[in-house]
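Shown next, in structure tokens, is the structure this report addresses.
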Amino acid sequence: MPHFIRLVTFTEKGISDPLLSKSRSVEFKKEAENLGIKILAEYAVIGRYDIVTIVEAPDIQSVMKLSVIQGKKGRTRVETLAAVPVTEFEEII
């Protein structure tokens, strides 16, 4: 299955109540699972982004749908990157 890297930035609404962060994470994981998306890794980071998530999904449409579902809540902005292993990339070129 394809891999995607999600670069997440919290909006003002998203950081207004950090105590809800854990419940939001659980909610995100359930929404991803319902779309057939497996979360491979999730990191809180320092810098331009707040969260980096690496996921495996059946297709790009599933990842797009997850981004729309999350975006409607107004708590995050997400940039999504399609990723391939370097060994696969080397075969392409």
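This note's numbering applies: residue 789 is where the sequence shown begins, and numbers increase by one.
Glycine included, each C-beta is placed from N, C-alpha and C at the ideal position.
The model shown is predicted, which means the values in this text are computed figures rather than measured ones.
Taking just the CA atoms, how far does residue j sit from residue i?
i, j, result
"G802", "K826", "23 Å"
"E821", "K860", "18 Å"
"G835", "I881", "32 Å"
Where does residue i sit, in a helix, a strand or coil, going by DSSP?
i, result
"T875", "helix"
"R892", "The shown model of the chain, from 789 to 881, leaves out residue 892, and the question about it has no answer."
"V814", "helix"
"I839", "strand"
"I825", "coil"
By Cβ distance, which residues of its chain are closer than 6 Å to residue i, with the 5 residues on each side in sequence left out?
i, result
"T797", "Y837, D838 and R865"
"Y831", "V840"
"R794", "T841, V866 and T868"
"V833", "V840"
Next item on the list: Mind listing, in chain order, the continuous beta strand (DSSP E) runs of no fewer than 3 residues lying wholly within the stretch 843-873?
Entry: 864-871, all fully within the stretch 843-873.
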